[in-house]
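Numbering (my numbering), first residue to last: 195 to 372.
Ideal Cβ positions, reconstructed from N, Cα and C, are used throughout, including at glycine.
Model, not experiment: these values are computed from the prediction.
Here the structure comes first, spelled out in structure tokens, and everything after it is commentary.
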Ligand SMILES: [Zn+2]
């Protein structure tokens with residue numbers, strides 16, 4: 195497995211091989227390009243690029259079974275359900291997925307384990323990333339109470355920024371060392 199340190203997202207990969215070799219793949223993605231995420235995003239009022247950094251670590255679970263740990267970090271702009279203005283939501287999701295080498299393994303594992311991926315064919319990393327992002331998006335995003343009022347009051351004034359935005363960017367940088 196070639197490690198990809200560039201901006202280009204790697205294509206489909208052999209998940210069992212990544213687990214066996216404890217390999218890592220990583221990249222960045224514009225969440226607006228992910229069909230199941232794009233619908234939930236606030237329309238972009240500026241041209242600031244939005245990037246989610248992601249990383250997939252191959253390895254094994256505590257029982258020695260092949261697994262992938264999928265991490266997504268960054269920030270998305272959703273629509274506040276109270277004032278209908280964009281609200282920045284920090285994303286920091288990390289999930290271990292067990293790998294099922296065959297359909298039969300999938301059926302057995304699915305009975306007992308919450309997160310199982312069929313790995314009998316090359317896996318699309320962005321599909322896994324999109325799944326994790328969907329899980330981490332709040333069902334009903336809202337500003338904090340005081341911020342929401344501020345967002346309305348400063349309609350034509352200064353930009354309103356979440357106090358967590360800087361933290362999210364910092365964490366995103368820390369998470370993208372590969
Ligand atoms: Zn609001």
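Looking only at DSSP bridge pairs, what is residue i linked to?
i, result
"residue 321", "According to DSSP, residue 321 bridges with nothing at all."
"residue 280", "273"
"residue 251", "218, 263"
"residue 223", "246"
Helix, strand or coil, according to DSSP, for residue i in the structure here?
i, result
"residue 212", "helix"
"residue 330", "helix"
"residue 232", "helix"
"residue 217", "coil"
"residue 258", "coil"
"residue 268", "strand"
"residue 352", "Note that residue 352 scores 49 on pLDDT, short of 50, meaning its location in the model is unreliable and no value can be drawn from it."
How many whole angstroms separate the CB atoms of residue i and residue j, which I take to be in contact at a CB cut-off of 8 angstroms?
i, j, result
"residue 289", "residue 326", "6 angstroms"
"residue 225", "residue 231", "5 angstroms"
"residue 271", "residue 244", "7 angstroms"
"residue 373", "residue 313", "Since the first residue of the chain shown is 195 and the last is 372, residue 373 is not available in this structure."
"residue 291", "residue 264", "6 angstroms"
"residue 310", "residue 294", "5 angstroms"
"residue 329", "residue 287", "6 angstroms"
"residue 375", "residue 277", "The structure shown has nothing for residue 375, since the chain only spans 195 to 372."
"residue 216", "residue 258", "No, residue 216 and residue 258 are not in contact; Cβ-Cβ is about 13 angstroms, not under 8 angstroms."
"residue 261", "residue 213", "6 angstroms"
"residue 269", "residue 283", "7 angstroms"
3 or more residues per run - each beta strand (DSSP E) lying fully within the region 282 to 321: 310 to 312
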